[in-house]
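**Student:**
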Ligand code: IMP
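Numbering (our numbering), first residue to last: 2 to 192.
1) Specify the secondary structure class of residue 143 as computed by DSSP and reduced to three states.
2) Can you grab the Cα-Cα spacing for the pair residue 5 / residue 52, in whole Å?
3) Anyone know if the C-beta pair for residue 117 and residue 153 falls short of 8 Å?
4) Quick one, which of 146, 174, 140, 7 has its alpha-carbon nearest residue 99's?
5) Take residue 112 and list the residues in its own chain whose beta-carbon comes closer than 8 Å to its own, dropping the five residues that flank it on each side.
6) Cβ of residue 148 versus every heavy atom of ligand 1: is any distance shorter than 7 Å?
7) Just confirm the distance between the C-beta atoms of residue 17 and residue 180, as a whole number of angstroms; I'd bet it's less than 8 Å.
8) Whose C-beta lies closer than 7 Å to the C-beta of residue 56 among residues of the same chain, with five residues either side of it excluded?
9) Alpha carbons only, please: which of 39, 74, 163 is nearest the one belonging to residue 66?
10) With distances taken between CB atoms, is the gap from residue 44 to residue 128 smaller than 8 Å?
11) Consult DSSP for residue 88 and reduce its assignment to one of helix, strand or coil.
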C-alpha cells in the first residue's frame with residue numbers, strides 16, 4: 002500500500018521509511034509550507050498538518066507532530082520543541098536554551114512524544130501516540146539522530162539517542178511506537 006507522508010525533516014523521513022518495509026512510504030514531492038502550528042496539543046497540530054497536506058493526494062497520508070516534554074519545565078518545550086529558541090532556531094540553539102533553563106536543576110526527567118495523524122482523501126481518520134522516557138544530560142553526547150537526541154539519555158540503552166545506532170532508536174522511540182500503531186491499523190483494514 003502507498004502511504005504519503007508530509008515532512009521536510011530528513012531525520013524524520015528516514016525514521017518513517019525504516020518503520021514499515023512492507024509499505025511504500027512516499028514523501029510529497031513539493032509540499033506547500035506547512036500550516037502554522039497554532040494548537041497546544043500534538044494531536045491538534047498533527048491533524049492540522051495532515052488535513053492541509055492531505056488535500057493534495059488521493060488515499061492515505063500521515064503527518065506527525067512531536068517534541069520533548071521536560072518535567073521540571075512543566076512540559077516545555079512541548080509543542081514548541083522545534084521553535085524553542087525562536088522561529089528560525091537551529092537544533093544547536095534549542096539545545097543550548099534547554100541546557101540554560103535546566104542549569105542547576107536536579108530533576109532531569111523528560112520524554113519524547115509523537116502523534117501521527119492519518120487522513121484519507123484529506124479527511125481525518127485517526128491519531129496515534131507514542132512516547133519514550135529519558136533524562137536530559139548536562140551536555141551533548143553523540144552526533145547521530147537530530148534535534149534533542151544528543152541530550153536525551155535513555156536508561157535502557159545506557160547512552161543518548163545521539164549515541165545510539167538509528168536501528169536501536171527505532172526499536173523504542175516515540176515515533177516508532179506511533180508509526181507502528183498506525184501501520185497496524187492500516188494492515189487491519191479490509192483491502
Ligand atoms: P515538529 O516538526 O513540530 O514535530 O518538531 C519536532 C521537534 O521536536 C524537532 O525539531 C526536535 O527539536 C524535537 N524532536 C522530535 N522528535 C525528536 C527526536 O526523535 N529526536 C530529537 N528531537 C526530536
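Glycine included, C-beta positions come from ideal geometry on N, C-alpha and C. Note that the structure is predicted; figures quoted are calculated from it, not measured.
**Tutor:** In short:
1) If you number the chain shown from 1, residue 143 lands on position 142. Here residue 143 sits in coil by DSSP.
2) Translated into the one-based positions of the chain shown, residue 5 becomes position 4. Translated into the one-based positions of the chain shown, residue 52 becomes position 51. The straight-line gap from Cα to Cα measures roughly 12 Å.
3) Here residue 117 refers to the residue found at position 116 when the chain shown is read from its first residue. Here residue 153 refers to the residue found at position 152 when the chain shown is read from its first residue. Against a cut-off of 8 Å, the Cβ pair of residue 153 and residue 117 comes out as no contact.
4) Here residue 99 refers to the residue found at position 98 when the chain shown is read from its first residue. Checking every option, the nearest Cα to that of residue 99 belongs to 140.
5) Reading the chain shown from its first residue, position 111 is the one you call residue 112. So the list reads 69, 70, 132, 133, 134, 135, 175, once near-sequence residues are dropped.
6) As a working mapping, residue 148 is identified with position 147 in the chain shown. Indeed, a heavy atom of ligand 1 lies less than 7 Å from the Cβ.
7) For the purposes of this step, residue 17 is taken as the residue at position 16 of the chain shown. For the purposes of this step, residue 180 is taken as the residue at position 179 of the chain shown. Right, their Cβ atoms sit about 7 Å apart.
8) Counted from its first residue, the chain shown places residue 56 at position 55. 123, listed in sequence order.
9) The sequence position of residue 66 within the chain shown is 65, counting from 1. Among 39, 74, 163, the Cα nearest to that of residue 66 is on 39.
10) Residue 44 sits at position 43 when you count from the first residue of the chain shown. Residue 128 sits at position 127 when you count from the first residue of the chain shown. Yes, the Cβ-Cβ distance between residue 44 and residue 128 is below 8 Å.
11) By 1-based counting over the chain shown, the position of residue 88 is 87. Three-state result, residue 88: coil.
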